[in-house]
Amino acid sequence: MDEKQLQESFSWARSQVFSSYNNILAYYQAKNCLEYARGSSLLDMPCGDGTLTAMLAPHFSRVVGIDASSKHLALAKETLPNAEFHEALIEDFSTTEKFSTITMLNILEHVIDPVMVLKKSSQLLTDDGVLIVHVPNAHAINRKLAVLMGTLTECEELSPFDIHVAGHRRSYTLDTLTADIQKAGLNIISSGGVFYKSLSTPQIDWFLKNGPWEEGGFGWGRVGETEQKDWRAEFCRASYELGKQYPNECNVISVCVTR
Numbered sequence: 001m002d003e004k005q006l007q008e009s010f011s012w013a014r015s016q017v018f019s020s021y022n023n024i025l026a027y028y029q030a031k032n033c034l035e036y037a038r039g040s041s042l043l044d045m046p047c048g049d050g051t052l053t054a055m056l057a058p059h060f061s062r063v064v065g066i067d068a069s070s071k072h073l074a075l076a077k078e079t080l081p082n083a084e085f086h087e088a089l090i091e092d093f094s095t096t097e098k099f100s101t102i103t104m105l106n107i108l109e110h111v112i113d114p115v116m117v118l119k120k121s122s123q124l125l126t127d128d129g130v131l132i133v134h135v136p137n138a139h140a141i142n143r144k145l146a147v148l149m150g151t152l153t154e155c156e157e158l159s160p161f162d163i164h165v166a167g168h169r170r171s172y173t174l175d176t177l178t179a180d181i182q183k184a185g186l187n188i189i190s191s192g193g194v195f196y197k198s199l200s201t202p203q204i205d206w207f208l209k210n211g212p213w214e215e216g217g218f219g220w221g222r223v224g225e226t227e228q229k230d231w232r233a234e235f236c237r238a239s240y241e242l243g244k245q246y247p248n249e250c251n252v253i254s255v256c257v258t259r
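The sequence shown begins at 1 in the working numbering and counts up one residue at a time.
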């Protein structure tokens, strides 16, 4: 099986697998990206099913998405019929066009040679462009809990879901991601974390769907308050804000890079 066939074989799609949490995480990943984005052109690779691309697209006049999976691209094209999409591995994609913002969200953990992919991607930047990289964090607090529980032997261990459904080849910490970026000859201008995730993905997905979000009394909110809030939304917002304070324990590591 060649690399493209391998990528086609993975069933994970953000809008279809644990979608309650993954769509919320996508919203906050997009929010993080837009804090650092530059210019009017966006290259999103891989674009996956287009969930994140659609959140970013309104802020750019030119949107291009790349993905190796024809199944994911079909979903992306339905979501963003006016964007331009290419079916290709990042390693094989070629264009003379330059982009002011390139997003590489949740991909370096998948590729064969992440340093080469970083180098290649940076060559598609305009002179003042930025490359925004997100990777899952091996040291996320839920993974530290999993080690203490015994469901992982170490934080860096890849679970069967990581390997066979999501198609991960490696796990990252901020230190190991920084090392790969430095090997690629690139400069990190900022780094941080996205979303303080205290439960595993299946658990938090269930909690977001079924949690007691409208409970009064001592469940959510202050006793005696008359103001009603969307406590589910407030929980997610607070988890994003808390993640800024504890980036090394977040679900996702974020770095903004220049050439």
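We put the beta carbon where it would ideally sit given N, CA and C, even for glycine.
- At least 9 Å separates the beta-carbon of ILE66 from that of PRO81.
- Per DSSP, reduced to three states, the secondary structure at GLU87 is strand.
- Excluding sequence positions up to five before and after ASN187, its CB lies within less than 7 Å of the CB of VAL257, THR258, all in the same chain and listed in chain order.
- The shortest C-alpha to C-alpha distance from LYS31 to any of LEU105, ALA184, LEU174, GLN182 is the one to LEU105.
- Between ASP49 and SER40, the alpha-carbon positions lie close to 22 Å from each other.
- Here GLY192 is buried, its C-beta having at least 16 other C-beta atoms within 10 Å.
- Assigned with DSSP and collapsed to three states, ILE107 falls in coil, not helix or strand.
- If the five residues before and after LEU118 are omitted, its C-beta is found closer than 7 Å to the C-beta atoms of ASP180, ILE181, ALA184, LEU186, all from its own chain and listed in chain order.
- Counting along the chain, GLY193 sits inside no alpha helix (DSSP H); it lies in the beta strand (DSSP E) bounded by residues 187–194.
- GLU3 and ASP127 have their C-alpha atoms spaced approximately 31 Å apart.
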